[in-house]
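Trainee: Pasting a structure below so you can have a look.
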Amino acid sequence: MIKADGKYFFLNTKNTTYAFKVMETGQLEHLYYGSLIDAEDGENLSEKRAFAPGNTVLYDNAHPEMTLEDVRLETSAIGKGDFREPMIEVICADGSTSLDFIYDSFETFSGKKEFNTMPGSYGVEGDVETLNVKMVDANNGFTLILSYYVYADCDVISRSAKFINTSSEKVKLTRMLSMLMDFDHAGMKITSFHGKWTSEMNKSDTILSAGKFVNSSFTGTSSNRSNPFFMVSDSDATEISGSVYGYNLIYSGNHYGAVEVSPWEKTRVAYGINPRNFSWTLEPSEEFEAPEAVMTYSAAGYRQMSLNMHEFVREHITRGNWKKKERPILINSWEAAYFDFTESSLVKLAKAAKKVGIELFVMDDGWFGERNDDKRGLGDWDIVNKKKLPSGLEGMAKKINDLGLLFGLWVEPEMINVDSELYKKHPEWAIDIPGKNHSEGRNQRILDLCNPEVVDYLIDVMSSVFSTPGLSYVKWDMNRNFSDYYSKYLPAEKQQEVSHRYVLGLYRLLKTLTERFPELLIEGCASGGNRFDLGVLCYYPQIWASDNTDAVSRLDIQNGYSYGYPQSTYTAHVSSCPNHQTLRITPMESRFAVASFGVLGYELNLNDAKSEDVASVEAQIELYKQYRKTLQFGDFYRLKSGNICEWSIVSRDRLQAVTMVMQREVQPNNPYLRIEQAGLDENAKYHFYGRKLEYNLKGFGDLVNTVAPIHIKQDGILHNVVAKFVKIPGETEDIKASGATLNNAGVKLAQSFIGTGYDDRVRYFPDFGARLYFTEKIDITE
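Letter by letter, the sequence shown follows residues 717 to 1498 of this note's numbering.
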């Protein structure tokens, strides 16, 4: 609910309040963001000022008590005494840079209007309310619209800003952020997520008592270096306690999130497009839209903040036919074949996939042009490689469909190899600087999406590919960071517009194709997590989280994503071992347990796999299908992290839950482990149980001789024969308990192996071992 009277503005969600007011001087003073409060108490929230601090700049002589440097503000620029991070910077026609935005008027309405140039959140009238506050620059006459979107049920408030050149001369924006918000204290904890290829979303905590912290990207994408999602919280906040603020940006290009502490220990958050190498020239009457920034607050720690964000993303970011539809289990050909495949070898793999219950077969890179490695052919989407696929795309799709499988393929539309037919025809379409050395990445260049002709071409050629009869899925890759920013389409004075214009071109491309092919499931992929953001999630319902399929690595990667993104948005695959990225060997059940907590897929050669592994895959898929809806769309809970990682997903109706526990390394003589449940109905009764598994006795080494009637040499012929026919029984977990007991006390598991004996009361739990447990609501009389 929005309560506004032209002086005070209270934005209330189900559990939170965001408040600001118009000051006597016309600036907007931020008052409060936190748990729900009474709008009648606005006067009590303002800071009381009598005299400005020494060595500061007064806003004007009529107000000797006020310097903007020590006011919590909703927006700020340079020139009027606020030396902290500004929201907006410009160069005016006369060369001046000072702005002075003063409150003019406001409007509120139910619902939310679409942006003209980029995606944003969405909702019907009952879901969202909009507040637009008009500010006018007292120096030059520019107009600034600050927009607030209140999603009451999700406890989310999002913000955006629009700069309108209502002067008579052109102006150059050199910084245009989406939001600015000030806290009244310092010493807050900033949690951000950083990494690199195959090591994305590593969680990092920083206590900021002074100075500035910046979370940003300059790769041309949202970046695996620093994801745009971050949190600001109490220094001692935990998973279930403390104030936590979550921030994200609905944008797929260079982002910038700065957290700065002032000399008076106020903390400012400024967030939006990265101003580095950015400018945008506006002629009179032209306008610039900043992307939408998303905020949520939790008084109960990180868990509730995540639940808020997950609900918001599921309901107000992802859209289309696949928004709530259960995602198919796929097998991708990449790690099975890389570029070396034929039509018959892929069909053989697809037949094996069908036998184990897989639903979608994906043909990865190498199906077009002279694409036998990553040095050539990229861009030649209209040339199917008939040496590999004599039946063509349509024929290949039919063969896969005839097996009873959906068919999907890999594309990378935004990229081009110099060694390609497309580059020979249109070298001017590549982003590079004519006559100067170019720094290459992955042997490819980026097509210039600033150029409308290039976007139109990609719409046409991708429409042709996407029209292939029998095609149900597309993996949209983007394997290149930007270098040598330059568009041959733009004049010299607009070259600092390249990064943002590229993103706008990408959005036009995606919007057109997703509207033209609404039934197609498109999965985003940019070398894994290099473009994982809310902007592309407006078009792709799911994104390949990382090129790293190693189960141990994925614990940290998927745990990182879980803070800001629901599990329905990131995909995870079971692959072969030794793993292709780490050479680590992990149990098949552990690989499945971790992957099942994303959108499940497989990436291994089933034709070469051991028979027991193939049988395991078949059992895994059968199990996953039983719990798919819960695993993909239930509420995600982080229960424990560290050497022991525990996750749980609870169905929205709280009828069932799936819980995973995985151990990185065995701790000697440490027999006990407790599963901590969460999110269950405390007044209901549940059946908690684990899978009945059997294990290879070779995992016990020559300890087999403590029970064998004859001596068995480790790894000898007899050892292998016995292991083939004799399995070690696993422990049984089977209890009934109330939701209150499971939530608050948890479940004590069977003791782990500690070297003093083994039977079916002992948990075989080696390095990288994992378990899945299931909780089902039962009738209270049972």
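We put the CB at the ideal spot given by N, CA and C, even for glycine. Since the model is a prediction, treat every value here as computed from it, not as a measurement.
In angstroms with no decimal places, state the Cα-to-Cα distance between T741 and I818.
Mentor: Position 25 of the sequence shown, counted from the start, is the residue given in the question as residue 741. Position 102 of the sequence shown, counted from the start, is the residue given in the question as residue 818. Each residue's Cα considered, the two are about 8 Å apart.
Trainee: In terms of residues, what are the limits of the alpha helix (DSSP H) holding V1181?
Mentor: In the sequence shown, counting from the first residue as 1, residue 1181 sits at position 465. Its alpha helix (DSSP H) spans residues P1168 to F1182.
Trainee: Rounded to the nearest angstrom, what separates Y1281 and S933 at their Cα positions?
Mentor: One-based indexing of the sequence shown puts residue 1281 at position 565. One-based indexing of the sequence shown puts residue 933 at position 217. Those two C-alpha atoms are separated by around 19 Å.
Trainee: When you compare only the Cα positions, how much space is there between E1059 and D1272?
Mentor: By one-based count along the sequence shown, residue 1059 stands at place 343. By one-based count along the sequence shown, residue 1272 stands at place 556. Distance between the alpha carbons of E1059 and D1272: 37 Å.
Trainee: Please classify K1115: does DSSP put it in a helix, a strand, or coil?
Mentor: Your numbering for residue 1115 matches position 399 in the sequence shown. Three-state DSSP puts K1115 in a helix.
Trainee: How many Å lie between G1085 and T914 at the Cα?
Mentor: Position 369 of the sequence shown, counting from 1, holds the residue named residue 1085. Position 198 of the sequence shown, counting from 1, holds the residue named residue 914. Their backbone Cα atoms lie some 28 Å apart in a straight line.
Trainee: Measure the C-alpha to C-alpha separation of G1485 and Q1430 and round it to an integer number of angstroms.
Mentor: By 1-based counting over the sequence shown, the position of residue 1485 is 769. By 1-based counting over the sequence shown, the position of residue 1430 is 714. G1485 and Q1430: Cα-Cα distance of roughly 22 Å.
Trainee: Taking a contact to mean a Cβ-Cβ separation below 9 Å, would you say M892 touches V975 in this structure?
Mentor: For this step, residue 892 is matched to residue 176 along the sequence shown. For this step, residue 975 is matched to residue 259 along the sequence shown. For M892 and V975, no; Cβs fall outside 9 Å.
Trainee: Going along the chain, which unbroken runs of the alpha helix (DSSP H) with 4 or more residues stay wholly within the region 998–1035?
Mentor: Entirely contained in the region 998–1035, the alpha helix (DSSP H) runs reaching 4 residues are, in chain order, 1017–1032.
Trainee: Hey, could you find the ends of the alpha helix (DSSP H) D921 is sitting in?
Mentor: For the purposes of this step, residue 921 is taken as the residue at position 205 of the sequence shown. Unbroken run through D921 is the beta strand (DSSP E), S915 to L924; no alpha helix (DSSP H).
Trainee: Which residue from L1121, Y1173, K1115 and G1111 puts its Cα closest to that of K1141?
Mentor: Counting from one through the sequence shown, the residue named residue 1141 turns up at place 425. Out of L1121, Y1173, K1115 and G1111, Y1173 has the C-alpha closest to the C-alpha of K1141.
Trainee: Leaving aside the five residues before and after N1421 along the sequence, list all residues of the same chain whose C-beta is less than 8 Å from its C-beta, in chain order.
Mentor: One-based indexing of the sequence shown puts residue 1421 at position 705. Here the set comprises H1427 and I1428.
Trainee: Return the residue from the list G1082, D810, G1157 and L1119 that minimises the CA-CA distance to K1102.
Mentor: In the sequence shown, the residue the question calls residue 1102 occupies position 386. Out of G1082, D810, G1157 and L1119, G1082 has the C-alpha closest to the C-alpha of K1102.
Trainee: With DSSP as the reference, label A1242 as helix, strand or coil.
Mentor: Position 526 of the sequence shown, counting from 1, holds the residue named residue 1242. In this structure, A1242 counts as strand in the three-state DSSP scheme.
Trainee: Count the C-beta pairs between the region 1161–1172 and the region 1196–1208 that are closer than 8 Å, then say yes if the count reaches three, no if not.
Mentor: Taking 8 Å as the limit for Cβ pairs, the verdict is that the region 1196–1208 does touch the region 1161–1172.
Trainee: So, are the CB atoms of K886 and A809 less than 9 Å apart?
Mentor: Looking up residue 886 in the sequence shown gives position 170. Looking up residue 809 in the sequence shown gives position 93. Contact flag set, yes.
Trainee: Measure the beta-carbon distance from F726 to Y867 and round it to whole angstroms, keeping in mind my assumption that it falls under 8 Å.
Mentor: Taking the first residue of the sequence shown as position 1, residue 726 is located at position 10. Taking the first residue of the sequence shown as position 1, residue 867 is located at position 151. Going by Cβ atoms, the distance from F726 to Y867 rounds to 16 Å, so no, they are not a contact pair.
Trainee: Can you tell which of Q1274, S951 and C1293 has the C-alpha that lies nearest to the C-alpha of Y1286?
Mentor: Along the sequence shown, one-based indexing puts residue 1286 at 570. Of the listed residues, the one whose Cα sits closest to Y1286 is Q1274.
Trainee: My assumption, with CB atoms under 8 Å, is that I1033 sits in contact with L1322. Please give the rounded CB distance.
Mentor: Your numbering for residue 1033 matches position 317 in the sequence shown. Your numbering for residue 1322 matches position 606 in the sequence shown. About 35 Å; that fails the 8 Å criterion.
Trainee: How should D1351 be labelled, buried or exposed, when 16 other C-beta atoms within 10 angstroms of its C-beta is the threshold for buried?
Mentor: Taking the first residue of the sequence shown as 1, we reach residue 1351 at position 635. Classification for D1351: buried.
Trainee: Would you mind listing the beta strand (DSSP E) stretches within the region 1365–1419 that are 3+ residues and don't spill past its ends, in chain order?
Mentor: You should have 1372–1379, 1401–1406 and 1410–1412.
Trainee: Pull up the DSSP beta-bridge partners for F899, would you.
Mentor: Counting from 1 along the sequence shown, the entry for residue 899 is found at position 183. DSSP, once it has assigned bridges, lists T983 as partnering F899.
Trainee: So is P944 buried or exposed if we call it buried at 16+ other beta carbons inside 10 Å?
Mentor: Counting from 1 along the sequence shown, the entry for residue 944 is found at position 228. That one is buried.
Trainee: Among the residues of its own chain, which have a CB less than 8 Å from the CB of I1132, if the five just before and after it don't count?
Mentor: By 1-based counting over the sequence shown, the position of residue 1132 is 416. Counting only Cβ-Cβ distances below 8 Å, and skipping sequence neighbours, we find L1094, G1095, L1138, Y1139, W1145, A1146, Q1160, R1161, I1162 and L1163.
Trainee: Counting only the same chain and skipping the five closest in sequence on each side, list residues whose C-beta sits under 6 Å from that of L1125.
Mentor: Start at 1 with the first residue of the sequence shown, and residue 1125 comes out as number 409. These residues qualify, in order along the chain: M1079.
Trainee: With DSSP run on the structure shown, which of helix, strand or coil describes V872?
Mentor: The residue labelled residue 872 in the question sits at position 156 within the sequence shown. Note: V872 maps to strand in three-state DSSP.
Trainee: DSSP beta-bridge partners for Y865?
Mentor: Walking along the sequence shown from the start, residue 865 turns up at place 149. In DSSP, Y865 forms a bridge with T846 and S874.
Trainee: Measuring only the C-alpha atoms, how far is N931 from Y987?
Mentor: On the sequence shown, residue 931 is found 215 positions in, with the first residue counted as 1. On the sequence shown, residue 987 is found 271 positions in, with the first residue counted as 1. Going from the Cα of N931 to the Cα of Y987 covers about 9 Å.
Trainee: Taking V1478 as the reference, which of G1471, T1472, L1488 and A1466 has the closest Cα?
Mentor: Counting from one through the sequence shown, the residue named residue 1478 turns up at place 762. Checked all of G1471, T1472, L1488 and A1466; the closest Cα to V1478 is A1466.
Trainee: Assuming E1051 and S1292 form a contact by the criterion Cβ under 8 Å, report the distance between their Cβ atoms to the nearest whole angstrom.
Mentor: If you number the sequence shown from 1, residue 1051 lands on position 335. If you number the sequence shown from 1, residue 1292 lands on position 576. Confirmed, Cβ separation roughly 7 Å.
Trainee: Which residue from V1423, N1359, N1459 and E1381 puts its Cα closest to that of N1399?
Mentor: Within the sequence shown, the letter at position 683 stands for residue 1399. With distances taken between Cα atoms, N1399 lies closest to N1459.
Trainee: Check the DSSP bridge columns for R1161 and list the partner residues they point to.
Mentor: Position 445 of the sequence shown, counted from the start, is the residue given in the question as residue 1161. Paired residue(s): I1132.
Trainee: Take the Cβ of F825 as the centre, count every other Cβ of all protein chains shown within 10 Å, and call the residue buried at 16 or more, exposed below.
Mentor: On the sequence shown, residue 825 is found 109 positions in, with the first residue counted as 1. Label assigned to F825: exposed.
Trainee: To the nearest angstrom, how far is the alpha carbon of L1239 from that of Y1277?
Mentor: For the purposes of this step, residue 1239 is taken as residue 523 along the sequence shown, with counting starting at 1. For the purposes of this step, residue 1277 is taken as residue 561 along the sequence shown, with counting starting at 1. The displayed chain sequence assigns Glu, not Leu, to residue 1239. Their backbone Cα atoms lie some 16 Å apart in a straight line.
Trainee: Would you please state the rounded distance, in angstroms, between the beta carbons of L1413 and V1442? I believe it to be under 8 Å.
Mentor: As a position in the sequence shown, residue 1413 is number 697, starting the count at 1. As a position in the sequence shown, residue 1442 is number 726, starting the count at 1. Contact flag correct, Cβ pair sits at about 6 Å.
Trainee: If we cut at 9 Å on Cβ distances, does V1420 have a partner in chain C?
Mentor: As a matter of chain content, chain C is missing from the structure shown, which is built from one protein chain.
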